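In what follows, a single structure is set out as structure tokens and then discussed.
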Amino acid sequence: MKIAQAEGKEWKTEVRKYLVAYRSTPHTTTGVSPAELLFGRKMRTKLPELKEESTESEMRDRDGKMKAKTKWYADKKRNAHESYLAPGDQVLVKQERKNKLSTSFAPEPYDVITKTGNSVVIESPDGIQLMRNTTHVKKYEETSQNPGETTSTLDVTDPVEPEAEREKLSSPVVTRPIREWLIGTSCVQTEEKERIMNFVFKKDAKSALIGRLLMRKVISDFTKIRYNEVILKRTDKGKPFLANDATELSLRRFNFNISHQGDFTVLAAEPELQVGVDVMKTTYPISSTVPGFFHTMRKQFTGNEWEAIKSQPSEWNQLQMFYRHWCLKESYVKATGTGIGRDLQSVEFQINTKELSPQNVTSDTKFFLEEDEMDEWLFEETKLDDLHQVAVALGPSHVKTKETRMGRSSFTILQFADLVSSAIPLFSEDESDWIKFQAKKEKS
Numbered sequence: 001m002k003i004a005q006a007e008g009k010e011w012k013t014e015v016r017k018y019l020v021a022y023r024s025t026p027h028t029t030t031g032v033s034p035a036e037l038l039f040g041r042k043m044r045t046k047l048p049e050l051k052e053e054s055t056e057s058e059m060r061d062r063d064g065k066m067k068a069k070t071k072w073y074a075d076k077k078r079n080a081h082e083s084y085l086a087p088g089d090q091v092l093v094k095q096e097r098k099n100k101l102s103t104s105f106a107p108e109p110y111d112v113i114t115k116t117g118n119s120v121v122i123e124s125p126d127g128i129q130l131m132r133n134t135t136h137v138k139k140y141e142e143t144s145q146n147p148g149e150t151t152s153t154l155d156v157t158d159p160v161e162p163e164a165e166r167e168k169l170s171s172p173v174v175t176r177p178i179r180e181w182l183i184g185t186s187c188v189q190t191e192e193k194e195r196i197m198n199f200v201f202k203k204d205a206k207s208a209l210i211g212r213l214l215m216r217k218v219i220s221d222f223t224k225i226r227y228n229e230v231i232l233k234r235t236d237k238g239k240p241f242l243a244n245d246a247t248e249l250s251l252r253r254f255n256f257n258i259s260h261q262g263d264f265t266v267l268a269a270e271p272e273l274q275v276g277v278d279v280m281k282t283t284y285p286i287s288s289t290v291p292g293f294f295h296t297m298r299k300q301f302t303g304n305e306w307e308a309i310k311s312q313p314s315e316w317n318q319l320q321m322f323y324r325h326w327c328l329k330e331s332y333v334k335a336t337g338t339g340i341g342r343d344l345q346s347v348e349f350q351i352n353t354k355e356l357s358p359q360n361v362t363s364d365t366k367f368f369l370e371e372d373e374m375d376e377w378l379f380e381e382t383k384l385d386d387l388h389q390v391a392v393a394l395g396p397s398h399v400k401t402k403e404t405r406m407g408r409s410s411f412t413i414l415q416f417a418d419l420v421s422s423a424i425p426l427f428s429e430d431e432s433d434w435i436k437f438q439a440k441k442e443k444s
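Heads up, the sequence shown is in the UniProt record's numbering, so the first residue is 1 and it goes up one at a time.
Structure, rendered in structure tokens:
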């Protein structure tokens, strides 16, 4: 209105023009204008048009992706992590501070009854049950030497001095992350533990440890080799393999492969076939635009693959298709054990099912090597959640792939207790393993 008055124009007319411009301008979050979102058509005519059924779902999907991106940045900035509370734990409940001497948490501990996501049901000493968000409670620990004196739960993100950490480990109260780390590192071979400890970042070390524990569990469960007698070695390309002296043919043919990225570590195993697996989390590039990121990676895909990637309707969908192609290529390279020296342009995939979902396993993607279709290879794809996709490559050994694969396999999510349920430690627990882990950096 100020501009209209300064230019000597009728402000009511100019407001109408402004509103038309605003209502027809696409919003950065939804990708469409407010008018199109409301009426289901663009503001090109006053005549009614048929509303496309896909418009609402597309906008809802895009809005959800943008919110997920915003959450990712916020969680990263606040260093947010999942609560370690479990049923049976005791917690203190946040309260309103009435004066300078009052505390942020009520002094009486509550018992955790159930935990669902970020919500917990807690019970007071009087038997009254309440539901609270995990951000409104903190874990309560009580030492046996000084009843009533609390010790705070050790946060794995806090920097800890070695002396203080040794004192913590020697106390009768040891938090779950510490126990899990000490148990895990006692159940892997010495050379692998050293390799894990050489990682700079905590997340990489954790993923590597989980991967080794997954291998030992699967091998022990399916080959009947005793857990503490499993021997794992690596090829000259770095691929792990079972090195036990095997008299049975089935043991010599047993194949497995591991991958970790994002929030998951995954394993695929096969009694007869070559197998490779790769998991990728769809994220926006941190230091580049999506087109800039694609330009950097342009030599990794063929022209047909780039056409399939860039034909997607939004940048987020293009990234999903990009990481899907990447999973497929990596799974093949890992199955063959050829390593990073492979020319990825000689490997091409033709995707038929455009959308993956956690409920289904897709296996109709075609594979071409040096432009020749390779029917003897099978690729199974699925999603673990909305952001993580995984591909499993299954190749011929002494049998035909599609004759061996009578059905499709799905992934099973394991908790740490499941991972070590049949574990037999190779060594006694070493407190210095946790101290070394705490000295590692957090990924920025």
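Note that CB positions come from ideal geometry on N, CA and C, so glycine has one too.
Every value quoted in this text rests on a predicted model; they were computed, and no experiment measured them.
Neighbour-count burial assignment, Phe-254, 16 or more Cβ in a 10 Å radius: Looking up residue 254 in the sequence shown gives position 254. Counting Cβ neighbours within 10 Å, Phe-254 comes out buried, since at least 16 surround it.
I want to know whether the region 357 to 366 touches the region 229 to 248 - three or more CB-CB distances under 8 Å. no
Excluding the 5 residues preceding and the 5 following Gly-31 in the sequence, name in chain order all residues of the same chain whose CB lies nearer than 6 Å to its CB. If you number the sequence shown from 1, residue 31 lands on position 31. The answer, listed in chain order, is Arg-62.
Quick check on Asn-317: buried or exposed, where buried means 16 or more other Cβ atoms within 10 Å of its Cβ? Position 317 of the sequence shown, counted from the first residue, corresponds to residue 317. Buried, by the Cβ-count rule.
Any contact between the region 303 to 320 and the region 331 to 340? By contact I mean 3 or more CB pairs, one from each, below 8 Å. no
Who are the Cβ neighbours of His-325 in its own chain at under 7 Å, not counting the five residues just before and after it? Taking the sequence shown and counting its residues from 1, one reaches residue 325 at position 325. Here the set comprises Phe-301, Glu-305, Ile-309 and Phe-349.
Can you find the residues in the same chain that come closer than 7 Å, C-beta to C-beta, to Lys-42, ignoring five residues on each side of it along the sequence? Translated into the one-based positions of the sequence shown, residue 42 becomes position 42. So the qualifying residues of the chain are Glu-36.
Please report the distance separating the alpha-carbon of Phe-105 from that of Tyr-140. Along the sequence shown, one-based indexing puts residue 105 at 105. Along the sequence shown, one-based indexing puts residue 140 at 140. C-alpha separation (whole angstroms): 11 Å.
Expected contact under 8 Å - CB spacing of Gln-274 and Gly-395 to nearest Å: Within the sequence shown, numbered from 1, the residue matching residue 274 stands at position 274. Within the sequence shown, numbered from 1, the residue matching residue 395 stands at position 395. Correct: roughly 4 Å between the Cβ atoms.
Tell me which same chain residues have a C-beta within less than 8 Å of the C-beta of Thr-114, skipping the five on either side of it? The residue labelled residue 114 in the question sits at position 114 within the sequence shown. Around Thr-114: Pro-87, Val-120 and Val-121.
Taking Thr-185 and Asp-385 to be in contact with their CB atoms under 8 Å, please state how far apart those CB atoms are, rounded to whole angstroms. As a first step, residue 185 must be located in the sequence shown, where it is residue number 185. As a first step, residue 385 must be located in the sequence shown, where it is residue number 385. 28 Å between Cβ atoms; not a contact.
Nearest candidate by alpha-carbon position, reference Asp-278, set Gln-261, Tyr-284 and Phe-294: Within the sequence shown, the letter at position 278 stands for residue 278. Nearest C-alpha to Asp-278: Gln-261.
Proximal residues to Leu-19 (C-beta, below 8 Å), its chain only, five neighbours per side dropped: For this step, residue 19 is matched to residue 19 along the sequence shown. There are no such residues.
Would you be able to state if there are at least three C-beta pairs under 8 Å between the region 199 to 206 and the region 432 to 442? yes
With distances taken Cα to Cα, identify the nearest neighbour of Ile-435 among Phe-416, Pro-177 and Ser-259. Your numbering for residue 435 matches position 435 in the sequence shown. With distances taken between Cα atoms, Ile-435 lies closest to Pro-177.
Would you kindly check if the distance between the Cβ of Lys-239 and the Cβ of Gly-337 is under 7 Å? Here the question's residue 337 lines up with position 337 in the sequence shown. Here the question's residue 239 lines up with position 239 in the sequence shown. Against a cut-off of 7 Å, the Cβ pair of Lys-239 and Gly-337 comes out as a contact.
Beta strand (DSSP E) segment containing Leu-92, residue limits: Counting from 1 along the sequence shown, the entry for residue 92 is found at position 92. Start and end: 90 to 93.
Compute the beta-carbon to beta-carbon distance between Leu-426 and Val-188, rounded to the nearest angstrom, for a pair I have assumed lies under 8 Å. Position 426 of the sequence shown holds residue 426. Position 188 of the sequence shown holds residue 188. Between Val-188 and Leu-426 the Cβ distance is about 7 Å, and since that is below 8 Å, they are a contact.
Please specify which runs of the alpha helix (DSSP H), each continuous and at least 4 residues long, are wholly inside the region 211 to 284, giving them in chain order. 249 to 253
Based on the DSSP secondary-structure assignment, which residues constitute the bridge partners of residue 445? Residue 445 cannot be examined here, being either before or after the span of the chain that is shown, 1 to 444.
Rounded straight-line distance, which links the Cα of Gln-95 to that of Ser-102: Translated into the one-based positions of the sequence shown, residue 102 becomes position 102. Translated into the one-based positions of the sequence shown, residue 95 becomes position 95. Rounded to the nearest angstrom, the two C-alpha atoms are 9 Å apart.
So is Tyr-110 buried or exposed if we call it buried at 16+ other beta carbons inside 10 Å? Residue 110 sits at position 110 when you count from the first residue of the sequence shown. The residue in question, Tyr-110, is buried, as its Cβ has 16 or more Cβ neighbours within 10 Å.
Taking 7 Å as the cut-off, decide whether the C-beta atoms of Thr-223 and Leu-251 are in contact. If you number the sequence shown from 1, residue 223 lands on position 223. If you number the sequence shown from 1, residue 251 lands on position 251. Cβ distance < 7 Å, so Thr-223 and Leu-251 count as in contact.
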